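Inspection log for the structure reproduced underneath, given as structure tokens.
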Amino acid sequence: MSSHTLTHLQRLEAEAIHIMREVVTQADAPVMLYSVGKDSAVMLHLAKKAFYPSPPPFPLLHVDTTWKFRDMYALRDRAARAAGMQLLVHQNPDAQRQGINPFDHGGLHTDMWKTEGLKQALDLHGFDAAFGGARRDEEKSRAKERIFSFRTASHRWDPKNQRPELWRTYNARKNKGESMRVFPLSNWTELDIWQYIHLENIEIVPLYYAAERPTVIRDGLMLMVDDDRFPLKGETPVMRSIRFRTLGCYPLTGAVESRAQTLPQIIQEMLLTTTSERQGRAIDHDQAASMEKKKQEGYF
Amino acid sequence: MTEIYKTDALIAQDIDAYLDTHQHKTMLRFITCGSVDDGKSTLIGRLLYDSKMIFEDQLATLEADSKRVGTQGDAIDFALLVDGLAAEREQGITIDVAYRFFSTEKRKFIVADTPGHEQYTRNMVTGASTADLAVILIDARKGVLTQTRRHSYLAHLLGIRHLVLAVNKMDLVGYDRAVFDRIVAEYRAFAESIGIVDFTPIPISGLAGDNITTRSNQTPWFEGPVLLEHLEVVELDQSANQRNAFRMPVQWVNRPNLDFRGFSGTIAAGQIHAGDEIRVLPSGKTSRISRIVAHGGDLDMAVAGQAITLCFEDEIDCSRGQVITAANAPVEVADQFEASVIWMDEEELVPGRAYWLKIGPQTVSATVAQPKYQVNVNTMEHLAAKTLDLNAIGVANITTDRDIPFTAYAESRDLGGFILIDKMTNRTVGAGLIHFALRRAQNIHWQATDTSRTHHASLKNQKPMVLWMTGLSGSGKSTIANLVERKLARMNRHTFLLDGDNVRHGLNKDLGFTDADRVENIRRVGEVAKLMTDAGLIVITAFISPFRSEREMVRAMMQPGEFMEIFIDTPLEEAEARDVKGLYAKARAGQLKNFTGIDSPYEPPEAPQIRIDTTQTTPEQAADLIIAALIP
């Protein structure tokens with residue numbers, strides 16, 4: 096009998112599919128969080144594979160901050176339509192009313208739009224399991240995160256009270272009001288994600304590829320002036336060939352100068368660069384254990 | 198010198214060639230185990246560092262942290278790279294399983310980093326459950342320790358076939374070959390005694406970097422592979438598993454429309470081709486594979502580890518939890534097993550209590566008998582045990598409420614490994630490894646009798662029923678039960694009263710008042726009550742029955758609608774003030790152990806059919822209320 100050793104990407108793909116199928120059979124109301132980034136793109140692609148020829152049996156949920164790049168909104172709507180899935184968009188009405196924005200409100204922006212917005216959306220629709228695209232290689236406190244991460248009725252994550260996870264046997268049982276966050280890409284690395292996008296020809300936001308874009312440099316981050324809400328403090332936007340390694344709210348996401356216009360070039364650049372992915376995000380710079388603290392409060 | 202990571206040139210010159218290499222990499226999952234100061238975190242930190250998985254910004258943080266809280270003076274403390282959670286940093290120890298990633302030109306590696314402390318057996322078992330290989334770290338100055346034995350036993354128990362004995366801190370013993378040889382000999386003697394047939398010993402220094410990625414000049418006497426070399430070439434369990442008979446537990450039935458019916462799952466063993474003959478268990482029905490469906494086009498074949506969807510030629514029943522196997526090599530089906538059980542919860546195992554047992558995608562109700570023995574994981578001795586507490590490992594019989602398809606754990610982790618879930622809290626409280634099925638269950642068949650339970654009941658002209666009274670000692674259960682029986686007798690109803698104290702003089706005289714004994718007490722009473730309802734009787738019971746799980750267990754034993762839970766609700770102060778039998782006084786004086794309400798909990802019913810508040814209701818009124826509910 097011949098042997099067909101699976102490659103690491105084939106094993107990662109099978110693992111993610113297995114996880115998704117466990118969730119739809121164990122949860123009452125699953126949902127997939129969709130942030131339009133590259134990890135979300137891979138997750139959505141895997142969901143299509145997991146349930147084919149059925150469409151994925153859950154909706155997509157975008158917790159919107161209203162401050163994403165314009166290219167992201169365009170791809171979001173197109174990708175959901177192509178997958179045959181319902182797209183739910185939630186914008187925290189309190190944050191909207193108070194005009195919370197990344198320029199004036201710092202950490203409160205993430206807290207209100209993302210952390211609170213996510214909790215509101217999950218409660219509003221009664222979702223009891225939410226897929227997220229987080230990976231263990233992103234940050235130290237993530238390295239210990241379970242694939243099925245248990246959250247209390249108030250959405251809190253207690254690192255001391257997580258269930259042991261053995262083999263590929265996942266326990267998604269919970270009492271009313273409690274929920275699970277599920278991370279099918281836990282064991283993928285940034286390189287795996289890029290390689291998979293390349294191999295499977297997955298559409299991603301054009302901002303990942305280098306192009307001439309208007310930029311200003313502020314607090315050490317190179318920011319793109321994506322629309323006229325960007326308050327210029329006497330700065331003149333400069334056209335630079337830039338791209339993004341990670342995408343979030345445009346005023347909080349740092350770009351890198353680059354000429355990489357194809358996926359292999361992007362991967363090449365990534366492999367030869369010497370700074371980690373999350374450095375482009377302002378959120379992690381607060382304090383050493385900041386991600387862990389945000390998670391306990393319910394941030395994804 | 199190092200060839201392993203010489204990829205930068207290739208990346209810069211020919212990214213497509215590099216991607217092609219990377220695409221064809223295989224994956225090895227391994228676990229590192231060692232005691233607190235054996236240098237485990239340092240070793241992993243070193244592997245990440247040497248494989249360039251650390252970026253400049255992380256390195257800057259690392260350097261700053263090393264100076265601030267490190268243990269290596271001004272040098273880099275690699276351990277800080279992997280000690281993640283804030284709580285751990287404060288305590289200076291790793292307290293959970295963390296997963297790390299690095300890759301070489303041949304393989305991608307996932308490392309489960311598990312703590313060395315005794316109380317964290319649970320974490321090591323978790324990490325070992327998905328590992329192909331274990332690296333057992335030993336401090337060359339200390340030799341084989343109790344922890345070394347424990348880690349090796351656990352790795353072997355969880356079915357890890359590849360063991361590496363990494364004798365660390367060789368720099369601190371002058372790279373002395375005699376020290377290394379002595380430790381290896383000592384370890385070999387122990388390993389053989391627990392059935393480990395093979396292991397790979399390597400002398401290393403995590404701190405100095407000897408024999409980790411590159412061969413050390415300090416150990417010219419060592420001819421074996423260096424650590425990373427070995428990790429790159431060791432045979433993967435996954436490849437071996439493809440040569441076994443085909444098995445796939447069904448996760449999900451894929452039914453987008455009336456024309457398509459597929460069965461989705463991850464192949465646990467073997468290979469499958471279109472046209473292969475298959476069998477579905479437990480039903481035993483057979484068919485052929487008509488299609489192996491995948492996004493992007495049907496497949497001709499699929500192998501262990503792949504997540505696929507199968508279609509059959511015939512319309513046979515198949516649902517989640519059932520197992521598709523090669524037609525000529527089915528798995529066994531049984532409802533009683535012997536298994537190793539690893540307890541993972543603060544609340545100890547209660548033998549006889551019903552837990553959820555999840556094996557692959559199937560979840561059934563199951564009970565664990567009193568353990569045959571507990572294993573002392575330090576000495577491998579077998580100890581007598583009544584229960585298992587956190588981190589204890591024992592062997593016990595398990596009974597499930599229906600037949601399940603399975604294999605021995607030694608044959609398949611997917612089909613022989615299960616978790617136990619507490620029905621109230623939903624926590625994962627234990628893990629089990631099936632040894633074999635007990636034949637008993639298959640050989641004792643149910644004896645059909647001619648006079649049915651319906652016949653018994655109609656002769657008595659009544660509907661059988663269990664009136665289950667629960668409440669604290671002294672709440673008035675026996676008094677009310679007795680009144681109910683007298684009144685029913687006057688109404689020509691056939692009844693029987695099972696009283697807690699009376700049953701303990703005979704049927705249950707061998708039982709005490711520990712949690713496990715209380716559960717067994719209630720189980721037996723439930724079985725007796727069930728026989729009596731089969732005989733057509735109205736059974737009245739008066740037991741404290743303090744735990745919700747056991748009351749639910751008894752409810753589940755009865756026919757639907759034949760169990761009425763009656764909560765005799767008397768506050769503790771009130772029951773204690775009455776103290777009819779003087780028991781509360783004794784308990785308060787410490788003369789009675791495990792007394793409900795004092796040093797043993799009472800879990801009040803959440804939704805009893807009847808609740809009697811004895812501070813507002815007389816026993817007469819209570820009895821009338823109950824009878825009104827029984828005979829409307």
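These protein sequences, in sequence, are chains V and Z.
If you count the first sequence from 1, you need to add 95 to reach the numbering used here.
If you count the second sequence from 1, you need to add 197 to reach the numbering used here.
Every residue gets a Cβ at the ideal spot worked out from N, C-alpha and C, and that includes glycine.
Note that the structure is a prediction, hence the values are computed from the model and not measured.
message: Using beta carbons (cut-off 7 Å, strictly below), is K163(V) in contact with chain Z?
response: Residue numbering aside, residue 163(V) sits at position 68 when the first sequence is read from its first letter. By the rule that beta-carbons nearer than 7 Å mark a contact, K163(V) does not touch chain Z.
query: Hey, does L396(V) have any beta-carbon neighbour from chain Z nearer than 7 Å?
result: Only positions 96 to 395 of chain V appear in the structure, and residue 396(V) is not among them; the question remains open.
message: For E543(Z), count the other beta carbons within 10 Å of its own beta carbon; 16 or more makes it buried, fewer makes it exposed. Which is it?
response: Indexing the second sequence from 1 puts residue 543(Z) at position 346. Counting of Cβ neighbours within 10 angstroms places E543(Z) among the exposed residues, the total staying below 16.
field: Alpha-carbon spacing of V394(Z) relative to A388(Z), whole angstroms
entry: Counting from 1 along the second sequence, the entry for residue 394(Z) is found at position 197. Counting from 1 along the second sequence, the entry for residue 388(Z) is found at position 191. Distance between the alpha carbons of V394(Z) and A388(Z) is about 7 Å.
query: Sorted by chain position, which residues of the same chain lie with C-beta nearer than 7 Å to A324(Z)'s C-beta, five sequence neighbours on each side aside?
result: Residue mapping note: residue 324(Z) aligns to position 127 of the second sequence, counting from 1. Before going further, note that residue 324(Z) is Gly rather than Ala in the sequence given. So the list reads I228, V294, A309 and T311, once near-sequence residues are dropped.
field: Contact residues within the region 282-314 of chain V, judged by C-beta distance below 8 Å to chain Z
entry: Residues of the region 282-314 of chain V that bring their beta carbon within less than 8 Å of a beta carbon in chain Z comprise N282, T284, L286, D287, Q290, H293 and L294, in sequence order.
- request: Anything in chain Z within Cβ reach of Q363(V), meaning under 7 Å, just list it in chain order.
  value: For this step, residue 363(V) is matched to residue 268 along the first sequence. Within 7 Å Cβ-Cβ: I208 and I212.
- prompt: Does the region 744-762 of chain Z come close enough to the region 688-703 of chain Z to have 3 or more Cβ pairs within less than 8 Å?
  reply: They do not touch, by the three-pair rule.
message: My output table needs one value for G629(Z): the three-state DSSP class, helix, strand or coil.
response: By 1-based counting over the second sequence, the position of residue 629(Z) is 432. Here G629(Z) sits in strand by DSSP.
- prompt: Going along the chain, which residues of the region 435-465 of chain Z sit with their C-beta nearer than 7 Å to a C-beta in chain V?
  reply: Going along the region 435-465 of chain Z in chain order, one finds Q435, S436, Q439, R440, Q448, W449, N451, P453, F457, S461 and T463 with a Cβ nearer than 7 Å to chain V.
query: Is the CB-CB distance between G557(Z) and D600(Z) below 7 Å?
result: The residue labelled residue 557(Z) in the question sits at position 360 within the second sequence. The residue labelled residue 600(Z) in the question sits at position 403 within the second sequence. In this structure, D600(Z) does not lie closer than 7 Å to G557(Z) by Cβ.
message: In the DSSP assignment, the alpha helix (DSSP H) including F760(Z) goes from what residue to what residue?
response: Mapped onto the second sequence, residue 760(Z) falls at position 563. Counting along the chain, no alpha helix (DSSP H) covers F760(Z); the unbroken beta strand (DSSP E) around it starts and ends at F760 to D766.
task: Using a Cβ cut-off of 7 Å, pull out every chain Z residue sitting near E352(V), in sequence order please.
output: Indexing the first sequence from 1 puts residue 352(V) at position 257. Ordered by position in chain Z, no residue passes the 7 Å Cβ test against E352(V), which lies about 16 Å from the chain.
message: Short of 7 Å in beta carbon distance, which residues of its chain neighbour S135(V), apart from the five on each side in sequence? Order them along the chain.
response: Taking the first residue of the first sequence as position 1, residue 135(V) is located at position 40. Same-chain partners within the cutoff: Y129 and G228.
field: Inter-residue spacing [alpha-carbon to alpha-carbon] between A437(Z) and L294(V)
entry: Numbered from 1 along the second sequence, position 240 holds the residue referred to as residue 437(Z). Numbered from 1 along the first sequence, position 199 holds the residue referred to as residue 294(V). Each residue's Cα considered, the two are about 27 Å apart.
message: Please state the DSSP three-state secondary structure of A224(V).
response: As a first step, residue 224(V) is located in the first sequence; it is residue number 129 there, counting from the start. Of the three classes helix, strand and coil, the one that applies to A224(V) here is strand, per DSSP.
- request: Express the C-alpha separation of G673(Z) and W665(Z) in angstroms, rounding to a whole number.
  value: Taking the second sequence and counting its residues from 1, the one referred to as residue 665(Z) is at position 468. Taking the second sequence and counting its residues from 1, the one referred to as residue 673(Z) is at position 476. Cα to Cα, W665(Z) sits roughly 13 Å from G673(Z).
task: Using a cut-off of 7 Å between C-beta atoms, extract the partners of V158(V) located in chain Z.
output: Within the first sequence, the letter at position 63 stands for residue 158(V). What V158(V) touches in chain Z: nothing, since even the nearest Cβ is about 25 Å away.
task: Please report how far the alpha carbon of P757(Z) lies from the alpha carbon of L827(Z), in whole angstroms.
output: Taking the second sequence and counting its residues from 1, one reaches residue 757(Z) at position 560. Taking the second sequence and counting its residues from 1, one reaches residue 827(Z) at position 630. When the Cα atoms are used, P757(Z) and L827(Z) turn out to be separated by approximately 15 Å.
Alpha carbon of P398(Z) to alpha carbon of D336(Z), nearest angstrom: Mapped onto the second sequence, residue 398(Z) falls at position 201. Mapped onto the second sequence, residue 336(Z) falls at position 139. About 13 Å.
- prompt: Do the CB positions of M328(Z) and R243(Z) come within less than 7 Å of each other?
  reply: The residue given as residue 328(Z) occupies position 131 in the second sequence. The residue given as residue 243(Z) occupies position 46 in the second sequence. A small correction: the amino acid at residue 328(Z) is Ala; Met does not occupy that position in the sequence shown. Not a contact, by the Cβ cut-off of 7 Å.
query: Per DSSP, S461(Z) is paired with what?
result: Counting from 1 along the second sequence, the entry for residue 461(Z) is found at position 264. DSSP lists W449(Z) and T506(Z) as partners of S461(Z).
task: Decide if W418(Z) is buried, meaning its Cβ has at least 16 other Cβ atoms within 10 Å, or exposed.
output: As a working mapping, residue 418(Z) is identified with position 221 in the second sequence. Counting Cβ neighbours within 10 Å, W418(Z) comes out exposed, since fewer than 16 surround it.
task: Using only alpha-carbon positions, find the residue among I735(Z), A331(Z), V716(Z) and A732(Z) that is nearest to E749(Z).
output: In the second sequence, the residue the question calls residue 749(Z) occupies position 552. Checked all of I735(Z), A331(Z), V716(Z) and A732(Z); the closest Cα to E749(Z) is V716(Z).
message: Per DSSP, what are the beta-bridge partners of D484(Z) in this structure?
response: Within the second sequence, residue 484(Z) is the residue found at index 287, counting from 1. With the sequence shown as reference, residue 484(Z) is identified as Ser, and Asp is not the correct amino acid for it. Paired residue(s): I475(Z).
query: If you run the structure through DSSP and keep just helix, strand and coil, what is H219(Z)?
result: Position 22 of the second sequence, counted from the first residue, corresponds to residue 219(Z). Three-state result, H219(Z): helix.
message: Just to confirm before moving on: does the CB-CB distance between V423(Z) and N441(Z) stay below 7 Å?
response: On the second sequence, residue 423(Z) is found 226 positions in, with the first residue counted as 1. On the second sequence, residue 441(Z) is found 244 positions in, with the first residue counted as 1. Taking 7 Å as the Cβ cut-off, V423(Z) and N441(Z) do not qualify as a contacting pair.
message: Give the list of continuous beta strand (DSSP E) stretches no shorter than 3 residues that lie fully inside the region 277-339 of chain V.
response: List check, beta strand (DSSP E) in window: 306-313, 316-319 and 333-338.
- request: Give every residue of the same chain whose Cβ lies closer than 6 Å to the Cβ of K305(Z), excluding the five residues on either side of it in the sequence, and list them in chain order.
  value: Here residue 305(Z) is taken as the residue at index 108 of the second sequence, counted from 1. In chain order, K222 and M224 place their CB closer than 6 Å to the CB of K305(Z), counting only its own chain and leaving out the 5 sequence neighbours on each side.
Pair within 7 Å by beta-carbon distance, D495(Z) and R485(Z): If you number the second sequence from 1, residue 495(Z) lands on position 298. If you number the second sequence from 1, residue 485(Z) lands on position 288. Contact: no.
task: Tell whether a beta-carbon distance below 7 Å holds between V184(V) and H157(V).
output: As a first step, residue 184(V) is located in the first sequence; it is residue number 89 there, counting from the start. As a first step, residue 157(V) is located in the first sequence; it is residue number 62 there, counting from the start. Yes, the Cβ-Cβ distance between V184(V) and H157(V) is below 7 Å.
field: Start-to-end residues for the beta strand (DSSP E) that takes in T564(Z)
entry: Sequence index remark: in the second sequence, residue 564(Z) carries index 367 (1-based). Going by DSSP, T564(Z) is part of the beta strand (DSSP E) stretching over Q559 to V565.
- prompt: At a Cβ threshold of 7 Å, is L139(V) touching chain Z?
  reply: Here residue 139(V) corresponds to residue number 44 of the first sequence, with the count starting at 1. So no, L139(V) is outside the interface.
- request: Assuming I337(V) contacts A350(V) (C-beta within less than 8 Å), just tell me the rounded distance between them.
  value: Translated into positions along the first sequence, residue 337(V) becomes position 242. Translated into positions along the first sequence, residue 350(V) becomes position 255. Contact annotation, I337(V) with A350(V): C-beta distance approximately 4 Å; criterion of less than 8 Å satisfied.
- request: Starting from F245(V), follow its DSSP beta bridges and name the residues at the other end.
  value: Indexing the first sequence from 1 puts residue 245(V) at position 150. Per DSSP, M275(V).
query: In three-state terms, what does DSSP make of I536(Z)?
result: One-based indexing of the second sequence puts residue 536(Z) at position 339. Reading the sequence as shown, one finds Ala at residue 536(Z) and not Ile. Note: A536(Z) maps to strand in three-state DSSP.
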